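Here is the structure we will look at.
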Amino acid sequence: MDLYAIKDPSFLNDLTVKELETLSEEIRSFLIETIAKTGGHFSSNLGVVELTVALHKVFDSPNDKLIFDVGHQAYTHKILTGRAKDFSSLRQYQGLSGYLKRSESIHDIYEAGHSSTSIAAAAGIEFAKQYVGNSHKVVTIIGDGALTGGMAFEALNFLGNYSDHQPIIILNDNEMSISENIGYLSSILNDIRSKSVYRKVKSKTMKWIPKFLRRLTSKVERGIKGFLSNNTLFDDLGFSYYGPINGHNMKELLKYLNIAKRSNKPCVIHVLTEKGKGYKYSEQDQLGLWHGVSPFDVTTGVINKSVDTTIKSWSEIIGDYMIHYANIHEKFAIVVPAMIAGSGLIPFKNQHPDRIYDVGIAEQLAVTMSSGLAISGVDVFCPIYSTFIQRAYDQVNHDVARQHLKVVFGLDRAGIVGADGETHQGVFDIPLLRPIPGMSIAHPRTVDDAYKVLNYAFTINQGPFVIRYERGKMEVPNTQVITNEVASLAWEILKQGSDAIFLSFGSILDTLLDRLQTENLSITVVNATFIKPLDGDMITTLIQQNKPLIIYEESSILGGFGSSILEFCNQHQLPTTNIHLMGIPEQYVAHGTKQELLHELNLDVDSIIELVHTLVQP
1 MDLYAIKDPS FLNDLTVKEL ETLSEEIRSF LIETIAKTGG HFSSNLGVVE
51 LTVALHKVFD SPNDKLIFDV GHQAYTHKIL TGRAKDFSSL RQYQGLSGYL
101 KRSESIHDIY EAGHSSTSIA AAAGIEFAKQ YVGNSHKVVT IIGDGALTGG
151 MAFEALNFLG NYSDHQPIII LNDNEMSISE NIGYLSSILN DIRSKSVYRK
201 VKSKTMKWIP KFLRRLTSKV ERGIKGFLSN NTLFDDLGFS YYGPINGHNM
251 KELLKYLNIA KRSNKPCVIH VLTEKGKGYK YSEQDQLGLW HGVSPFDVTT
301 GVINKSVDTT IKSWSEIIGD YMIHYANIHE KFAIVVPAMI AGSGLIPFKN
351 QHPDRIYDVG IAEQLAVTMS SGLAISGVDV FCPIYSTFIQ RAYDQVNHDV
401 ARQHLKVVFG LDRAGIVGAD GETHQGVFDI PLLRPIPGMS IAHPRTVDDA
451 YKVLNYAFTI NQGPFVIRYE RGKMEVPNTQ VITNEVASLA WEILKQGSDA
501 IFLSFGSILD TLLDRLQTEN LSITVVNATF IKPLDGDMIT TLIQQNKPLI
551 IYEESSILGG FGSSILEFCN QHQLPTTNIH LMGIPEQYVA HGTKQELLHE
601 LNLDVDSIIE LVHTLVQP
C-alpha cells in the first residue's frame, strides 16, 4: 500500500483482518527505514503498530478521542492520519514533531512529552461530554512504565468511582520502559501474565451460566481469583479488565477493542507487546538502548556515533564521578527516576548495584526518598532531567530545602536539548529553583570544573545543591584524574578585554572564546560557575568598569540568572544602564538542532557578536 497516499484512517473500514496485518508489516518496515535516516523513538513505535492500526479500525478518530501517554510512540498514528510524507523531517527544525501536536492534525487530541498524564486528561475529556453533549469514546494508551507514575494511579482511583462513564484504558505492557520496570506494579503485571488462565476460564465459563446465577457466581469468582491470581487491582478499582491479550494478533485486538467499545463500564484492556518488534537488534535490547536512537545502518544495526572513547557525554562524566565517590564513601546512595541509562549510571549500577535505587517514573518519590536518606546521614545524589524537576518542585522545596537537607541534584539536559522539543527543553529550572531559600546552583564549564563542584557539593555544602549539565559531549582524556580540589564560589575571568564584558556559564563561554580569535573585538569573558550564590564582589567590580555588560543564559530570561543580577544591583544601588540580558523569552522552544534553535532565539554566537558591535559603536 502507498503509505504516502493515506489522508485519514477511514480507509481502514474497508480492510480485512489479513489486509490490516499486511498494512502493519508495511508500516513497521517504513518506520525502520525512516528512523534509520532521521533518528527518533524506535523500539516503542515498532511495538505498537498492530495495536494502533486496530485502534483506528475500531474507533472513529477524531470523533472518538485517542490519547497517547507521552506521545513518543504515536508514529503509526501519524502515518494513519496522513503524515507519512512528512517523516523525512521527523524531529528536525520546523519539521514533523516526534510527539503529538495539536497544530499538526485534528487527530492529535492531547499533547504530552512527560509521562503518566493520559488517564487524568482522559478523565477530563470523558466528563466534558456532559457539558458539550458528545457521545464519543475516550481511549487512553498508556505503557506499563508510565503506569508507575503517581498521577496515573490517582486517575484510575478517581475514574473507578464512576461506573456510569466508560473510558477505555489500553495498558500497553511490553515489560520494559526506558529503563527496567520496577516496583510492586511490575510484579502484579507479571502475576497477571503468568496466571492469565484465570481470565480464559472465566470468559468461557460465564457464557453458559444463567443470568440469575451470575450474581452468586461473582462471589465465587472472588474466591477463584484469590486462588489463581494474587492481583485484583483493576477490578477492585471498578474497571472491567480484559487480558492479557496478544498485542500483535490483529484478530484478538479487534475482538477486545470492540468489546470495550460496547461496554457500559470503564474498561482496562491489558495488551502484551514486544518492544522493538520486527528488527532483530532492538528485539534483543534489554537496556533500553534502542528506545531513542540516532541515525543508524539498517543492515548492521550500527548507530552512527563516534566510537572515540575520549569523548563522553556529560551524563557519563557525572556518572564516573559517582563511582569515584562511592568507592571512597560507604554512606552514599543514588536515587534515580527511571533513567539509569540516560543518566550515564549503568557502570555505577554494575559496580554498586545495592547503592542505586530506581524508583520508576516517579520524580516526586525520588526527591522525597532522597530527603529521607539525607536526614539519616547518607550522602545522596538524585539525577533528574531539567525538564522533569518541574514534576517534583514541591518535594524539592518542601521536603528537602525547607528542612535544609543535603541532597545533591544532578539536573541533566539543562538548556536547549534539541529534537525532543518544547516538552523537554531544560529552560525553566533556574527560575523555579533560584528563589528557594538555601538552594545552591552551579553549572560547570569543563570536566575539571564539574569534579570540583561535586567535591564542594558533597563536602563543604550542607544544604540542597543543584549541578546543571548540558546535553552534550566533552573530551575526557584517558589520563583524566578526578581532582580532590574544591570549587570556589568566586567567578573566574577567562579573558580580559576593553570593549565589553560577557558574563555566563557553560559551553557558550568556550564557543565565544574560539570565535573571538577571529574577531576584531576586545571582550572580557567571565565564567559564573555558581549561578547561586552570586559573586557580589565580582558583580560590583564589573559594574564599576562602566562598560557594556552582557549577561547570557541558555534559560528563561524571566526570573533567571540575569534577573538575579539586576536584583542585586537594585539592592546595592548599583547602576544597571549598561546591563544587557540575553536569554530565552516568554515562549516554549520547539524542536530542531541546538544550533538552529539558538539562531532562531538570537542566542547563537553570531547574535552575541552582533550585539557587542552594536553596543561598542561610537
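Residue numbers for the sequence shown follow the UniProt record's numbering, so the first one is 1 and each next one is one higher.
Just so you know, even glycine gets a beta-carbon here, dropped at the ideal spot from N, CA and C.
Keep in mind it's a predicted model, so treat the numbers as computed, not measured.
- When the alpha-carbon of A487 is set against those of A442, T479 and Q517, the nearest one is in A442.
- Per DSSP, the beta-bridge partners of R468 are L411.
- Under DSSP, the beta-bridge partners assigned to S556 are I584.
- Per the Cβ contact rule, the region 270 to 278 is not in contact with the region 79 to 95 (fewer than 3 Cβ pairs under 8 Å).
- Distances from the CA of D499 to each of T524, D514 and I482 were compared; the closest alpha carbon is that of T524.
- Here F568 has L534, G536 and I539 as same chain residues with Cβ atoms under 7 Å from its own Cβ, once five neighbours each way along the sequence are excluded.
- A check of alpha carbon separations from T368 across P353, R355, V335 and F30 identifies V335 as the nearest.
- Burial state of K406 is buried, judged by a 10 Å Cβ sphere holding 16 or more other Cβ atoms.
- Two segments are said to touch when three or more pairs of C-beta atoms, one from each, lie closer than 8 Å; by this definition the region 64 to 78 touches the region 94 to 112.
- For L66, no alpha helix (DSSP H) encloses it; the enclosing beta strand (DSSP E) starts and ends at K65 to F68.
- In the three-state reduction of the DSSP assignment, A84 falls in the helix class, which pools H, G and I.
- Of the candidates P585, T16 and G160, the residue whose Cα lies closest to the Cα of D236 is G160.
- Secondary-structure assignment with DSSP links V380 through a beta bridge to A333 and V407.
- By the criterion of a C-beta distance shorter than 7 Å, I482 is surrounded in its chain by Y321, H324 and Y451, once the five residues flanking it on both sides are discounted.
- In this structure, the alpha-carbon of A54 lies about 8 Å from that of L257.
- With the rule of 3 Cβ pairs closer than 8 Å, the region 346 to 355 does not count as touching the region 369 to 379.
- One Cα belongs to P337, the other to L558, and the distance between them is close to 28 Å.
- Taking every protein chain shown into account, the CB of S43 has 16 or more other CB atoms within 10 angstroms, so this residue is buried.
- With contacts defined by Cβ atoms closer than 9 Å, Y469 and D412 form a contacting pair.
- In the three-state DSSP reduction, F59 falls in the coil class, being neither helix nor strand.
- For S105, the CB contacts under 6 Å within the same chain, skipping 5 residues up- and downstream, are T81 in chain order.
- Put simply, the backbone Cα of K349 is about 22 Å away from that of V466.
- The beta-bridge partner set that DSSP reports for T140 consists of I67 and I169.
- By the Cβ test, the region 10 to 19 is not in contact with the region 30 to 43, since fewer than three Cβ pairs between them sit closer than 8 Å.
- Rounded to whole angstroms, L601 and I584 show a C-alpha spacing of 7 Å.
- Cβ-Cβ distances below 6 Å link S315 to S343, G344 and D412 in the same chain, with the five nearest sequence neighbours on each side left out; the list follows chain order.
- Secondary structure at M1: coil, using DSSP grouped into helix, strand and coil.
- Of the other Cβ atoms in all chains shown, 16 or more fall within 10 Å of the Cβ of Q73; this residue is therefore buried.
- When C-alpha distances from V417 are compared across T299, L611, T387 and S607, the shortest belongs to T387.
- DSSP places P437 in the coil class of the three-state scheme, outside both helix and strand.
- By the Cβ rule, the region 156 to 174 counts as touching the region 127 to 140, because three or more pairs are nearer than 8 Å.
- Annotated as proximal: F239 and V268, with beta-carbon spacing under 9 Å.
- Between the alpha carbons of L289 and I346 lies a gap of roughly 11 Å.
- For G562, same chain residues with a beta-carbon under 7 Å away, outside a window of 5 residues either side, are I551, E553, L581 and G583 in chain order.
- Look at the region 255 to 288 and you find these whole runs of alpha helix (DSSP H), each 4 residues long or longer: 280 to 283.
- In the assembly as shown, A490 is an exposed residue. Its beta-carbon has fewer than 16 other beta-carbons within 10 Å.
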